[in-house]
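To keep things clear, I will list the structure first and then write my remarks on it.
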Amino acid sequence: MSALLDSLARGFSGDDARRAELDAALQTGLPGPRAEAWKYTSLRQLERRSFQPAPLVPALVDAAALDDIPSPRLVFVNGRPSEALSDLSPLPDGMQLDTFSASLAAGDDAQQLLGRRFDGSDEIFARLNAALADEGVLVRVRDGAQIELPLHLVFVSVTGEHDLSWHHRHLIEVRAGAALQVVEHHLHVGDAAHLENSVMHVHLAQDAALSHARMQANSAHATSLLRTDAVLARNARYQRVDLELGAGLSRHELNVRLEGSNAQLTANGVLLGNGRRQVDTRLGIEHIARDTAC
Numbered sequence: 001m002s003a004l005l006d007s008l009a010r011g012f013s014g015d016d017a018r019r020a021e022l023d024a025a026l027q028t029g030l031p032g033p034r035a036e037a038w039k040y041t042s043l044r045q046l047e048r049r050s051f052q053p054a055p056l057v058p059a060l061v062d063a064a065a066l067d068d069i070p071s072p073r074l075v076f077v078n079g080r081p082s083e084a085l086s087d088l089s090p091l092p093d094g095m096q097l098d099t100f101s102a103s104l105a106a107g108d109d110a111q112q113l114l115g116r117r118f119d120g121s122d123e124i125f126a127r128l129n130a131a132l133a134d135e136g137v138l139v140r141v142r143d144g145a146q147i148e149l150p151l152h153l154v155f156v157s158v159t160g161e162h163d164l165s166w167h168h169r170h171l172i173e174v175r176a177g178a179a180l181q182v183v184e185h186h187l188h189v190g191d192a193a194h195l196e197n198s199v200m201h202v203h204l205a206q207d208a209a210l211s212h213a214r215m216q217a218n219s220a221h222a223t224s225l226l227r228t229d230a231v232l233a234r235n236a237r238y239q240r241v242d243l244e245l246g247a248g249l250s251r252h253e254l255n256v257r258l259e260g261s262n263a264q265l266t267a268n269g270v271l272l273g274n275g276r277r278q279v280d281t282r283l284g285i286e287h288i289a290r291d292t293a294c
């Protein structure tokens, strides 16, 4: 077993089902250069590194650092939600916002998200997420609601005594005829050399619209691994832009199923590479229904 997988496994604290996911991931191991989905993403340096699970209490951050980010905003520091830095008042009418940990404790939708299986040999980090995810955000917009103010999701990494890891599971659900704007900010204070491994589910019902901007500006020593799985119903519109500006290793897998007729995806991005930085973005688009577009 690699030092990476050994260190991540030490952070496990789930039930038998999640233990089975972890065991399967450890047995599969990290993909090598012969794996088609990973041939452009080298894990050679990462596999020798070790990380500690992020503490349950968020690190302290000067609130002035977030003055330019308006409300409503939900802030995570080193993977943990920060009530002191978040500003959700007033939360727009028609929007429901929950943390993954609260939903998991209540036995709500978080359990259903964890029921999603990742069986492919190249889905190692999604499988680790299924075993280890204990935080994230669940956003739901009710039928017909038009949310005018963008929701800001802020993820701040802070340098500490140890290199930390966290695993997030997110959900954005926009119901029939509703519209939402989401802006993600991935920022750092100091030279944090963390690992963030996130899976985001996006569900857009009939005639729903989501505008989604993501700015990844982590430190040059960080590792950012993201998988986005989106499902679009009839006449749904998903517009997103990704700015990959930081991290020593950044990888985003964007998988979209256009299940309803006239569903449309518009995906743009800016990837800034320099020196030894690795930036990898993979797109997987399935045109299930007729007259879909991307």
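Numbering-wise (the UniProt record's numbering), the sequence shown opens with residue 1 and increments by one. Don't be surprised by glycine CBs; every beta carbon is placed ideally from N, CA and C.
- Between A213 and G246, the alpha-carbon positions lie close to 15 Å from each other.
- In this structure, Q216 is the residue among H201, R169, Q216 with its C-alpha nearest to the C-alpha of H185.
- Under the DSSP assignment, F12 falls outside any beta strand (DSSP E); it carries neither an H nor an E label.
- The region 42 to 59 and the region 197 to 206 do not touch, with fewer than three beta-carbon pairs separated by less than 8 Å.
- For the alpha helix (DSSP H) assignment, the uninterrupted runs of no fewer than 4 residues enclosed by the region 85 to 145 are, from N- to C-terminal side, 100 to 106, 109 to 114, 124 to 132.
- With contacts defined as CB atoms closer than 7 Å, V61 and V137 fail to qualify as a contacting pair.
- Taking the Cα of S2 as reference, the smallest distance to any Cα among L30, R282, D119 is reached at L30.
- With a beta-carbon spacing of about 7 Å, H167 and L128 fall inside the 8 Å limit used to define contacts.
- By the C-beta density criterion, T292 is buried, having at least 16 other C-beta atoms within 10 angstroms.
- Residues of the same chain with a CB within less than 6 Å of the CB of P150, apart from the 5 flanking positions on each side, are Q181, V183 in chain order.
- Straight-line measurement puts the Cα of S86 at about 16 Å from the Cα of A102.
- The criterion of a C-beta distance shorter than 7 Å is not satisfied by D242 and T41.
- L5 sits away from L22, with the two beta carbons spaced by 7 Å or more.
- The three-state secondary structure of D62, taken from DSSP, is coil.
- In chain order, A209, Q264 place their CB closer than 7 Å to the CB of R237, counting only its own chain and leaving out the 5 sequence neighbours on each side.
- Under a 10 Å Cβ-count criterion, P55 is classified as exposed, with fewer than 16 other Cβ atoms of the shown protein chains found around its own Cβ.
- N274 is positioned such that its CB atom lies no closer than 7 Å to that of L164.
- If you ignore the 5 residues before and after G260, its C-beta comes within less than 6 Å of the C-beta of A233, R234, A289, all in its own chain and listed in chain order.
- For R175, no beta strand (DSSP E) encloses it, and the DSSP letter there is neither H nor E.
- Ranked by Cα distance from V199, the options S219, A192, S224, G177 are led by S224.
- By the neighbour-count criterion, in which 16 or more other beta carbons inside 10 Å mark a residue as buried, D16 falls on the exposed side.
- N268 sits exposed, since fewer than 16 C-beta atoms from the chains shown fall within 10 Å of its C-beta.
- Under a 10 Å Cβ-count criterion, T266 is classified as exposed, with fewer than 16 other Cβ atoms of the shown protein chains found around its own Cβ.
- Membership of R19 in any beta strand (DSSP E) is not indicated; the residue belongs instead to the alpha helix (DSSP H) covering 16 to 28.
- In this structure, the beta-carbon distance from A59 to V154 does not fall below 7 Å.
- Around the C-beta of S82, 16 or more other C-beta atoms lie within 10 Å, and the residue is accordingly described as buried.
- If you check the CB distance, V202 and A178 do not come in under 7 Å.
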